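A.B. asks: Going by the numbering used here, the sequence shown opens with residue 33, and the numbers climb by one from there. Mind looking over this structure? Questions follow.
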Amino acid sequence: MEHSKDFEKKMERKMEHFVKKVVKIIAMVIFGIAVFLLANYVLMWLWNWLMPDLFGLSTITYWQALGIFVIAKLLFGFGGGGSGKNSGKSRHKKKFKTVHRCSTMRRDFEEWKHYDQFWKEEGEEAYKNYVERIKNDNHDTE
33 MEHSKDFEKK
43 MERKMEHFVK
53 KVVKIIAMVI
63 FGIAVFLLAN
73 YVLMWLWNWL
83 MPDLFGLSTI
93 TYWQALGIFV
103 IAKLLFGFGG
113 GGSGKNSGKS
123 RHKKKFKTVH
133 RCSTMRRDFE
143 EWKHYDQFWK
153 EEGEEAYKNY
163 VERIKNDNHD
173 TE
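The structure is reproduced here in structure tokens:
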């Protein structure tokens, strides 16, 4: 008798847990659909506000905005980056970027501090010589 009551309580708790999960899933689906529809409405509103004035395009309906939204998602991805399978790759990329960030350019940049002085002293004359040399090379080939 006691065993059957324990079994009933276990089953009741499992069923409550299952019902809670189902209700949460349904609520998340409804919330996701609402966010999607709201994003589509915002896209239509922004298009009708900006595009006719900026580019002379016509206004669009809600369903046309939905089509633009879907095409944009297909072309440019669904965003989210998220974690999961690619999280190790993104950590590697971040580490690579921080370790090797412009190290060669930093060294070369030190040489640029002399650029203004060089241009004042030799730059214009060197450029004129270069242009003359190009003109002479072009006359020789013609």
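Backbone N, C-alpha and C fix where the C-beta goes; we use that ideal spot for every residue, glycine too. Keep in mind the model is a prediction, meaning the values are calculated, not measured.
(1) Check each candidate in Phe108, Phe50, Leu82, Trp77 and name the one with the smallest Cα separation from Ala97.
(2) If you draw a straight line from the C-alpha of Gly99 to the C-alpha of Ile92, how long is it?
(3) Out of curiosity, what's the CA-to-CA distance linking His146 and Asn170?
(4) With a cut-off of 8 Å on the beta carbons, I'd call Ala71 and Phe101 a contact; round off their distance for me.
(5) Which runs of the alpha helix (DSSP H) spanning at least 4 residues fall entirely within the segment 140-170, listed in chain order?
(6) Per DSSP, what kind of secondary structure is Phe110 in: helix, strand or coil?
(7) Identify whether Leu75 lies in helix, strand or coil by the three-state DSSP scheme.
(8) Pop quiz: Leu89 and Met83 are said to be a contact at Cβ under 8 Å. What is the actual Cβ separation, rounded to whole angstroms?
(9) Indicate the three-state DSSP secondary structure (helix, strand or coil) for Ile57 in the structure shown.
(10) What is the DSSP secondary structure of Ile100, counted as helix, strand or coil?
C.D. replies: Let's see:
(1) For the purposes of this step, residue 97 is taken as residue 65 along the sequence shown, with counting starting at 1. When only C-alpha atoms are compared, the closest one is Trp77.
(2) Position 67 of the sequence shown holds residue 99. Position 60 of the sequence shown holds residue 92. Computed Cα separation, rounded: 10 Å.
(3) Within the sequence shown, numbered from 1, the residue matching residue 146 stands at position 114. Within the sequence shown, numbered from 1, the residue matching residue 170 stands at position 138. Cα to Cα, the separation comes out at about 32 Å.
(4) Taking the first residue of the sequence shown as 1, we reach residue 71 at position 39. Taking the first residue of the sequence shown as 1, we reach residue 101 at position 69. Contact flag correct, Cβ pair sits at about 7 Å.
(5) 147-150
(6) In the sequence shown, residue 110 corresponds to position 78, counting from 1. Of the three classes helix, strand and coil, the one that applies to Phe110 here is coil, per DSSP.
(7) As a working mapping, residue 75 is identified with position 43 in the sequence shown. Note: Leu75 maps to helix in three-state DSSP.
(8) Counted from its first residue, the sequence shown places residue 89 at position 57. Counted from its first residue, the sequence shown places residue 83 at position 51. Indeed, because the Cβ distance is near 4 Å, the residues count as touching under 8 Å.
(9) Numbered from 1 along the sequence shown, position 25 holds the residue referred to as residue 57. Three-state DSSP puts Ile57 in a helix.
(10) Here residue 100 refers to the residue found at position 68 when the sequence shown is read from its first residue. Reduced to three states, the DSSP call for Ile100 is helix.
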